[in-house]
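A short worksheet on the structure shown next.
There are 2 protein chains.
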Amino acid sequence: MKRRLLLVSNSTLHGGGYLDHCQQHICDFFGKDVKRVLFVPYALHDRDAYTKTARNKFKTLGYEVDSIHEAADPVAAVGGAEAIFIGGGNTFRLLKSLYDNKVVTEIRRRVMEQDGIPYMGSSAGTNVATISINTTNDMPIVYPPSFSAIGLVPFNINPHYLDPDPHSRHMGETREQRITQYHEEPDTQSVLGLREGSMLLVEGNKATLLGSTKARLFSRCPTLV
Amino acid sequence: MKRRLLLVSNSTLHGGGYLDHCQQHICDFFGKDVKRVLFVPYALHDRDAYTKTARNKFKTLGYEVDSIHEAADPVAAVGGAEAIFIGGGNTFRLLKSLYDNKVVTEIRRRVMEQDGIPYMGSSAGTNVATISINTTNDMPIVYPPSFSAIGLVPFNINPHYLDPDPHSRHMGETREQRITQYHEEPDTQSVLGLREGSMLLVEGNKATLLGSTKARLFSRCPTLV
Numbered sequence: 001m002k003r004r005l006l007l008v009s010n011s012t013l014h015g016g017g018y019l020d021h022c023q024q025h026i027c028d029f030f031g032k033d034v035k036r037v038l039f040v041p042y043a044l045h046d047r048d049a050y051t052k053t054a055r056n057k058f059k060t061l062g063y064e065v066d067s068i069h070e071a072a073d074p075v076a077a078v079g080g081a082e083a084i085f086i087g088g089g090n091t092f093r094l095l096k097s098l099y100d101n102k103v104v105t106e107i108r109r110r111v112m113e114q115d116g117i118p119y120m121g122s123s124a125g126t127n128v129a130t131i132s133i134n135t136t137n138d139m140p141i142v143y144p145p146s147f148s149a150i151g152l153v154p155f156n157i158n159p160h161y162l163d164p165d166p167h168s169r170h171m172g173e174t175r176e177q178r179i180t181q182y183h184e185e186p187d188t189q190s191v192l193g194l195r196e197g198s199m200l201l202v203e204g205n206k207a208t209l210l211g212s213t214k215a216r217l218f219s220r221c222p223t224l225v
Numbered sequence: 001m002k003r004r005l006l007l008v009s010n011s012t013l014h015g016g017g018y019l020d021h022c023q024q025h026i027c028d029f030f031g032k033d034v035k036r037v038l039f040v041p042y043a044l045h046d047r048d049a050y051t052k053t054a055r056n057k058f059k060t061l062g063y064e065v066d067s068i069h070e071a072a073d074p075v076a077a078v079g080g081a082e083a084i085f086i087g088g089g090n091t092f093r094l095l096k097s098l099y100d101n102k103v104v105t106e107i108r109r110r111v112m113e114q115d116g117i118p119y120m121g122s123s124a125g126t127n128v129a130t131i132s133i134n135t136t137n138d139m140p141i142v143y144p145p146s147f148s149a150i151g152l153v154p155f156n157i158n159p160h161y162l163d164p165d166p167h168s169r170h171m172g173e174t175r176e177q178r179i180t181q182y183h184e185e186p187d188t189q190s191v192l193g194l195r196e197g198s199m200l201l202v203e204g205n206k207a208t209l210l211g212s213t214k215a216r217l218f219s220r221c222p223t224l225v
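Taken in order, these protein sequences are the chains called A and B. With the first letter of the first sequence counted as 1, position 92 gets the number 92 in the UniProt record's numbering; the numbers rise by one all the way through. With the first letter of the second sequence counted as 1, position 129 gets the number 129 in the UniProt record's numbering; the numbers rise by one all the way through.
In structure tokens form, the structure reads like this:
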């Protein structure tokens, strides 16, 4: 399997502009062969504005952007894409739209096939690339037909991972406690807590952590439950 | 309609013990007629330990606790209850268990009927009392058959509401941004952002905000979308 994925924790890092912190990695990832990237803006409500933002940024990196929401046939757009980028926003809205537009299977096929296309995801776009959206941080604003996602990797990711703050007076669960609750459930997967500023490069069966902030891996204890 | 609800934002306030910050309100709410409270521990994995915590606390307030998970027939337990308390934890796990045990309709019936029983919820137990769990903060660790909840009030609540922190360097969405995303969707309801330390007392058609931290009401702009 030759899959190539760039799974970014966050689209914007504090103090920088959209995708600034990972722009060199984006260029290295798509390289010189890719000319056009198919953008999926489903995670935000204003798809036109979102596409404009992505298009402007990718233009500065030397890539043209086609948006799936501008295509007459979304499945055909995936079928003919050279590369794909799914942007961040609300993960529930994103996954529901992917199902509504019937592109979940087609994206998986195009990325996982022989000589598959490169897939970049950011935040919610990283969540939907994994086995399920069970470890998103987002609010469940809409009800998708399933929490199963595109499944390009056999584990889960928690983007924007935040370490517990020992000085916090807020009593809502920490991210660590929430992931522990996930692992109390049967048949759950490992979770990579990807801090803002980090990204995971997947090439075939090899995964490389990029960026400066590292990540935290949560494995389910087999004797738990 | 004579419904009586006490919807608490959080079970524990920083620096205090379990339900300490609202114990006087709990006594005022259940009063002297109620002797036994039916506890629903579905939101946490260890139901026995959770029941022990609730039982010990309520004993100090003068109430006996029966747990629904110790009853042979959960629907019959709701049918015969004098009062009900649904505790916090993970909202998705809680709502799924309420559906799995077929008690959603029976709880609604018992609370909303003539001379209905008092309902207390905390955190996740407050979320499931509303029209839907679309505005929970929890991680979607399991997939419930619907996000529709018990529907004791015709709006949504965001428990543990957090005001935006102007000094934060974290780029994940603020609570305000998440609720705005919810309101971008069609047919969505008003959301009461209930800060930790606050609770809502509902008596018939009258709602009174209790506690010291107040709340923030988010209404959907009719011209939005």
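Even glycine gets a Cβ: it sits at the ideal position worked out from N, Cα and C.
Asked, Found
"Give, in chain order, every residue of the segment 126-157 of chain A whose Cβ lies closer than 8 Å to some Cβ of chain B.", "I133, N134, T135, T136, N137, D138, M139, P140, I141, V142, Y143, S146, F147"
"Okay, do the segment 81-94 of chain A and the segment 24-38 of chain A touch, 3+ Cβ pairs below 8 Å being the bar?", "yes"
"For B/V40, collect the residues of the same chain with a Cβ closer than 6 Å to its Cβ; drop the 5 residues on either side in sequence, then sort them by chain order.", "I68, I86"
"For the beta strand (DSSP E) that B/M199 lies in, which residues bound it at each end?", "198-203"
"If I follow the unbroken alpha helix (DSSP H) through A/T126, where does it start and stop?", "124-127"
"I believe B/T213 touches B/G197 by the beta-carbon criterion, under 8 Å. Please report the beta-carbon distance rounded to the nearest angstrom.", "4 Å"
"So, at 6 Å on beta carbons, what are the nonlocal neighbours of B/K96 in its own chain, with the 5 sequence-adjacent residues on each side left out?", "V142, P144"
"8 Å is my cut-off, CB to CB: does A/L162 come that close to chain B?", "yes"
"The beta strand (DSSP E) spanning A/R4 covers which residue range?", "4-8"
"Which whole runs of the beta strand (DSSP E) in the segment 73-117 of chain B are 3 residues long or more, in chain order?", "84-86"
"Measure the Cβ-Cβ separation of A/P159 and B/T136 and say whether it is below 8 Å.", "no"
"Run the CB neighbour count on A/H21, radius 10 Å, all protein chains shown included, and call it buried at 16 or more, exposed below.", "buried"
"Classify A/Y63 as helix, strand or coil using the three-state DSSP reduction.", "coil"
"Grab me the residues of B/M112's own chain with a C-beta within less than 6 Å of its C-beta, minus the 5 sequence neighbours each way, in chain order.", "R3"
"Can you round the beta-carbon distance between A/R178 and A/L162 to whole angstroms, since I take them to be within the 8 Å contact cut?", "The pair is not a contact, with the Cβ atoms about 10 Å apart (cut-off 8 Å)."
"Across which residues does DSSP place A/G121 in a beta bridge pair?", "A/L7, A/I86"
"Below 8 Å, can you find three or more Cβ-Cβ pairs linking the segment 98-110 of chain B to the segment 98-108 of chain A?", "no"
"Applying the criterion that 16 or more other CB atoms from any shown protein chain within 10 Å of the CB defines a buried residue, is A/L217 buried or exposed?", "exposed"
"If you follow the alpha helix (DSSP H) that A/I26 is in, where does it begin and where does it stop?", "23-30"
"Looking at B/H14 and A/R169, is the spacing between their C-beta atoms short of 8 Å?", "yes"
"Is the CB-CB distance between residue 251 of chain B and B/T126 below 8 Å?", "Summary: the structure shown does not reach residue 251 of chain B, with chain B confined to residues 1 through 225, and so no result is reported for it."
"Quick one, which of B/G88, B/S132, B/Y63, B/H45 has its alpha-carbon nearest B/Y18's?", "B/G88"
"Could you tell me the distance, in whole angstroms, from the CA atom of B/N205 to the CA atom of B/I26?", "20 Å"
"Apart from the five residues just before and just after B/V75, which ones in its own chain have a Cβ nearer than 8 Å to its Cβ?", "N101, K102, V103, E106"
"Please confirm if B/T53 has its CB atom under 8 Å from at least one CB of chain A.", "no"
"Name, please, each residue of chain D whose Cβ falls closer than 7 Å to the Cβ of A/R169.", "Within the model displayed, chain D is absent; protein chains A and B are what it includes."
"Evaluate A/H183 with the Cβ neighbour count: other Cβ atoms within 10 Å of its Cβ, from every protein chain shown; 16 or more gives buried, anything less gives exposed.", "buried"
"Tell me where the beta strand (DSSP E) around A/I68 begins and ends.", "First-last for A/I68: undefined, no H or E at that position."
"So is A/R178 in contact with chain B if we call contact Cβ pairs under 8 Å?", "yes"
"If you compare alpha carbons, which of A/I150, A/N134, A/Q114, A/S146 is closest to A/M120?", "A/I150"
"Using a Cβ cut-off of 7 Å, which residues of the segment 90-122 of chain B contact any Cβ in chain A, in chain order?", "N90"
"For the beta strand (DSSP E) holding B/H160, just list the boundary residues, first then last.", "156-161"
"Output, in sequence order along the chain, the residues in the segment 23-41 of chain A whose CB is closer than 8 Å to any CB in chain B.", "none"
"Would you mind sorting B/L6 into buried or exposed? The rule is 16 or more other CB atoms within 10 Å of its CB.", "buried"
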